[in-house]
Structures are given as structure tokens and as C-alpha cells.
Amino acid sequence: MDLKHTTNMEAGSKQEACGSRETTYRIKIEKDVEIPMRDGARLKADIFRPDDAGTFPVIMNLGPYQKDKVWVPPEDLEEKPNPLMNWETINPEWWVPKGYIAVRVDARGTGKSPGQGEPWSYQESLDFYDAIEWAAQQPWCSGAVGLSGISYFSINQWFVANHQPPSLKAMIPWEGFADLYRDALFHGGLLNQFMTNWFVTHLSHHLIGRAYRNNPDTFQTNTLWKWLRNNLDNGTFRGEQAQWDKITVPFLTAGNWSGMGLHMRGNSEAYMRAASKHKKMRMHAGNHVHPFYTEDGRRDQLRFFDYWLKGIDNGVMDEPPVRLWIRHGNAAGEWRHENEWPIARTEWTKFHLDLSPPAEGEPKNRGGLVRESNSAETQSRTYFASGAGKAGQASASSTFLAAGAMMAGMGISLDTPPLEEDTEVTGPLMAQLWVSSSTEDMDLFLTIRNIDPDGNDVFEVGQQGQQVPVAKGWLRVSHRELDPDLSLPYRPYHKHKRRLYLKPDEIVPVQVEIWPTSMLFKKRHRIRLDIQPRDGIGSIHYTHYHADYNTGTNTIYSGGDKESYLLLPVIPKKAS
1 MDLKHTTNME AGSKQEACGS RETTYRIKIE KDVEIPMRDG ARLKADIFRP
51 DDAGTFPVIM NLGPYQKDKV WVPPEDLEEK PNPLMNWETI NPEWWVPKGY
101 IAVRVDARGT GKSPGQGEPW SYQESLDFYD AIEWAAQQPW CSGAVGLSGI
151 SYFSINQWFV ANHQPPSLKA MIPWEGFADL YRDALFHGGL LNQFMTNWFV
201 THLSHHLIGR AYRNNPDTFQ TNTLWKWLRN NLDNGTFRGE QAQWDKITVP
251 FLTAGNWSGM GLHMRGNSEA YMRAASKHKK MRMHAGNHVH PFYTEDGRRD
301 QLRFFDYWLK GIDNGVMDEP PVRLWIRHGN AAGEWRHENE WPIARTEWTK
351 FHLDLSPPAE GEPKNRGGLV RESNSAETQS RTYFASGAGK AGQASASSTF
401 LAAGAMMAGM GISLDTPPLE EDTEVTGPLM AQLWVSSSTE DMDLFLTIRN
451 IDPDGNDVFE VGQQGQQVPV AKGWLRVSHR ELDPDLSLPY RPYHKHKRRL
501 YLKPDEIVPV QVEIWPTSML FKKRHRIRLD IQPRDGIGSI HYTHYHADYN
551 TGTNTIYSGG DKESYLLLPV IPKKAS
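Residues 1 to 576, numbered by the numbering used here, are exactly what the sequence shown covers, in order.
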């Protein structure tokens, strides 16, 4: 083992409310330790451990964000910044004094680790397995390894758990997608441009930035071609998809209601589908990074790891397994425990699309959401599938796409009447729609909005600090084929194995998955559903590629034998 240097850092002795131990430890830092892989490669890691002769459990992360890259935390981060902090990983100054070892590993071909970088590859999951088993055999490790971290450091936890490494005893995937195809690359079959932008950014870090000096020839694998060429779920990404029947390790899955467009779906699916007999779920809201470092977030993590990695019987597994932040609007809310997900007492409520002609003076693209379908005849609403920019560019031109193509007033908007009482919506959502297009395909962008009595949006804080609405869902209509074994009445599951192109004006039924959410809609507020051909309000960081067939007109139908509706998980008030 090559130890370039070791350093002792005094750990603070202040006892914190988040569950500190009676004994605290000084921190010993070992830099650029080499971890051998099964094929002879050696990955570089930093190890932060108690300066003590005992053995301790390991909390490990592995990824491309460079273990030596300086992170300057935001000023409003609840955890105190210090020189040992690294982007989206645990803070050694808080964890090591409590008797844990932090191990940070540069993934193959990233940071200081040699080889070819390929995000979330099958090879990376094997490397992660080898790193876990190596750590478990070290003289300073108790033999128990846990995994923790946000985003990338969460995502590949699912993929290494597919292999069931023997020394992996627990993990906390915090805001991390679990299916590269469905959760990240292709939302309902639509390319999420965040992913291509993310890849180019980290390609640049490693070929132009400081990391270039350590590995100037990395990232030669044509990841972008692989991602875009495999725009159907054809098996290419199987190693980058959680195999839920193989994930048996105890885990705490932590999602973010504001994470629509990247992470939150995977955290919800994990709780519903993973084979693990010991699992908990937490759903919070707000900024992507902040909740992980709050006292509340650290307490949840520490109690879970204390139980599974140290054997401390702290009662954490006797508590209700689901902890939800119930949003009240404008970032307000409250925590609530539940015994299951979706919530057993949910009243699955249909809001039918009312497409009757708008009243005089009302916009032509407006409609209603009603509890009872009041139309014996089928009605429809037609809208343009593309918009003319001032420059007159084509819908798929680079100029149009660079602008995000978010068009106010496109498509149709449907509102409930003012609510007669506070109405909580918490859980998965879906919409069944009857649709047609004048072309061979059709893109559906659905947005759920909270409209106050003055007609203004009640926004929430998004993952990037931006304003976001309540929930979103997407579907490219040619991807409408369902998997009957995995679809649920409230969560359609699309196969994405082939494209069922439309014939002009052919009317077909589709089911659109809307990512789970929680919102207490206040009395006199309205629930609004936007159905649009392009990214709508609150999509600024997660826009999609709009293919060049998005021209002509699209039509939505409802009433008669074409029942179109929004299905909402309404939570009844508990009896007082």
C-alpha cells in the first residue's frame, strides 16, 4: 500500500444532538492509497479513519468527482464547512469522531485512478465490489462496509448491490436514480438533455481541467453515442439498472420531491420493488445538497448505520419505515411517518378532463378537471405541436433547442374548481389520455401546478434552487406500450422495447407516468394540469430533445367512450 503521507487532525469534542458517541477520535488521513482490482488495475483512494488501534466500520463512496477536488460549500449549508469536505460525500470531521472510517475512491479513469472513465458502467460496478471487499479485509476495518453519498455516489450503490458483495452490510442511496434509461436518459422515451450536458462537463474536467495531468487519455469510450444510439431499452443498460430482485442489502432510500427529472423516481421505485426485507424510505424537499448535511439528515443516517454497521439496538428499525415531508406550499411543510408506500389509506381519485368549449372570453386552450365526467359525447381540443420563433427556425434547430423550447400557452391547461377544503395529494400519479397527431408521433409533457386564489403559481424550491411546480410526467406516444407485469393502476410501466408510430389522426389511449409528489393544496386553490408538446414551466434544468417530427397539430380527447382523466392519490384527513 502506497501511503504518500499521513496526517493527524484534531476532531472536535463538542457533543452534537445528532447522536454522537461518548468516545471521540482524532482523524488519521491516508492519501492516494492503492486499491487492487481483479484485473490488475489499482484505483486511488483517500482514507479518513480514527487514529486508534481498534477496528471500525467503513462508509465508502466511489465516483468521478475527484476525491482531491476542492468543494466550497454554500454559505447556508447547515454543516460547518471544513477542508476535508468533498462534493456530495460524508464529512469526515463529523463521522470519524463517531467511530466510522470514510473511504473515498476515484473511479477508474477519473481523478487520480488510471484507466478509461465510463460513468455507471458494468466495469465500474465490479470495481466498486472489489473496493468494498478490499476495505473489509483491512486491519482497521471491522468487516462491515456501508455506502453513502448523494447523486452519483447514490446511483452506483444500486448497481453494485446487484452483485451482492458479502461485506456490504447497509447503504444509504441519497437522491440517486436507479435506472439509467427510465430515470435519467429517457423520460417516457424523451431524451433528457441534462444528462448529455452533465457528461460533457465531466469530460471537460478530465481532458481540460486539472485532472488532465493525472490521466490525459481517459474517457475514450464513446459514451454519448452509446446513450443516444440505444434510445430503446434494448438491454444495453442492464448493468446500469437496479435489478430489484437481487438487491437484498438493508437500505435507507432518501428522495426529494423536487427531484422530478433526475433522482426521485428511483428512490421511490426502490422502496416499492427491492427484495430487501429491511428497508426504509425518506422523502424530503428543496435543494439537492442541503438536506444530506442537515442535523436532521445526519441523524437519520447515523441511526441507520449505527444499527446495521455497529449492531447498536437504537430502535430505528422498530419505527414506521416511511418518513415523508408533507409540503404545504412555498417551502412550508411537516414531517409525517407512514407504515407503507403508497399510503394504504389513499383515496385514488379520478379528475376527468372537461374539454367542453370554454366560456366567452376564456382562453381557447383552457379546460377543466372534474370529479364526475359530465359529457356523454367525446369532445376534443387541438393545439400546435411546435411554435414559431422570431427567427423562424425549425423546431429541431440548435437555436430552438438551446432556448429550452419552453413556450407559455402551448398545449392545454385544465383546472379544478376552487377546492372546498384543504386537499392533500401524496403518492404516485398518472394520467390516462386519448390522443392523436397529424404526424407519426407525439410528445406529451404533463405538469401539475398549485394555483392560488389570485391565479398565481405556488412554487417550491427545486434541486438547483430554482422555482418548480408540484410534479411532472412525460411520454413519447410511440413508447406507449405497457409492461402488464410491472404496471400498477397508479404507476404505468412502459416497455420501451419498440416504437408504435401513429398514423395521421389515429386516436390511441396512453397512460402517462407522473413522478410521485406530496402537496397540501389549500382551500380555494386550484389544481392545474398542463398538457404540452414541449417542456413547460419549471423545466429550466431538465429540458428534453424535441424531435423533428414535432410539427403539425396534436389533439386530446375526452368524454363518451374516451375516458381521459388525471388520477390523484388523495389522502383523507385523519379523524380528530
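Glycine included, every Cβ here is placed at the ideal spot set by N, Cα and C.
Since we're looking at a predicted model, the values are computed, not measured.
- With 16 or more other Cβ atoms inside 10 Å of its own Cβ, G286 counts as buried.
- By the neighbour-count criterion, in which a residue is buried when 16 or more other Cβ atoms sit within 10 angstroms of its Cβ, I59 is buried.
- The residues R273, A274 and A275, in chain order, have a CB closer than 7 Å to that of W244 in the same chain once the five nearest residues on each side in sequence are set aside.
- In this structure A136 is buried. Its beta-carbon is surrounded by 16 or more other beta-carbon atoms within 10 angstroms.
- Secondary structure at G473: strand, using DSSP grouped into helix, strand and coil.
- At a Cβ-Cβ threshold of 7 Å, H263 and G146 do not count as neighbours.
- Secondary structure note for F304: its alpha helix (DSSP H) is the uninterrupted segment E295 to K310.
- Taking the Cα positions, L353 is about 20 Å away from D452.
- Between the stretch 520 to 538 and the stretch 375 to 388, the count of C-beta pairs closer than 8 Å reaches three or more; the two stretches touch.
- Non-local beta-carbon contacts of T416 in its own chain, meaning distances under 7 Å to residues more than five positions away in sequence, involve F351, L369, R526 and I527 in chain order.
- The shortest C-alpha to C-alpha distance from H206 to any of E563, E79, D561 and G111 is the one to G111.
- In this structure, DSSP gives W87 a state outside helix and strand, which the three-state scheme calls coil.
- Straight across, the Cα-Cα distance linking E372 with S564 is about 12 Å.
- Within the stretch 307 to 371, there are no complete alpha helix (DSSP H) runs of at least 4 residues.
- In this structure the stretch 313 to 329 lies against the stretch 513 to 524, because at least three pairs of beta carbons, one per stretch, are closer than 8 Å.
- Inclusion of V425 and V477 in the CB contact set at 7 Å is not warranted, their separation being larger than that value.
- When secondary structure is reduced to three states using DSSP, H544 falls in the strand class.
- For the pair L475 and G188, the CB atoms are nearer than the 7 Å cut-off.
- Shown here, V570 sits in a strand according to DSSP, grouped into three states.
- I540 sits away from W434, with the two beta carbons spaced by 7 Å or more.
- In the structure shown, S204 adopts helical secondary structure according to DSSP, grouped into three states.
- About 5 Å separates the Cβ atoms of Y549 and D441, confirming a contact at the 8 Å cut-off.
- The beta carbons of Q116 and Q220 sit closer together than 7 Å.
- Between F459 and G536 a beta carbon distance of about 13 Å is seen, past the 8 Å cut, so the two are scored as non-contacting.
- According to the DSSP assignment, F159 belongs to the alpha helix (DSSP H) that extends over Y152 to A161.
- Sixteen is the threshold: when 16 or more other Cβ atoms of the shown chains lie within 10 Å of the Cβ of P57, as they do, the residue is buried.
- With contacts defined as CB atoms closer than 7 Å, L191 and H496 fail to qualify as a contacting pair.
- If you draw a straight line from the Cα of S148 to the Cα of S167, it comes to about 15 Å.
- When C-alpha distances from Y542 are compared across R108, R104 and M195, the shortest belongs to M195.
- Note on geometry: alpha-carbon atoms of G538 and V33 lie some 44 Å from one another.
- Minimum Cα-Cα distance from I29 among the listed residues R38, P50, A376 and L43 corresponds to P50.
- Per DSSP, the unbroken beta strand (DSSP E) holding F56 starts and ends at F56 to G63.
- The beta carbon of W95 lies closer than 7 Å to those of I59 and A102 in the same chain, with the five residues before and after it left out.
- DSSP places K31 inside the beta strand (DSSP E), whose first and last residues are I27 to P36.
- It is roughly 12 Å from the alpha-carbon of E79 to the alpha-carbon of P92.
- Within the same chain, Cβ atoms closer than 6 Å to the Cβ of F292 are found at I150 and W174, the five residues on either side in sequence being excluded.
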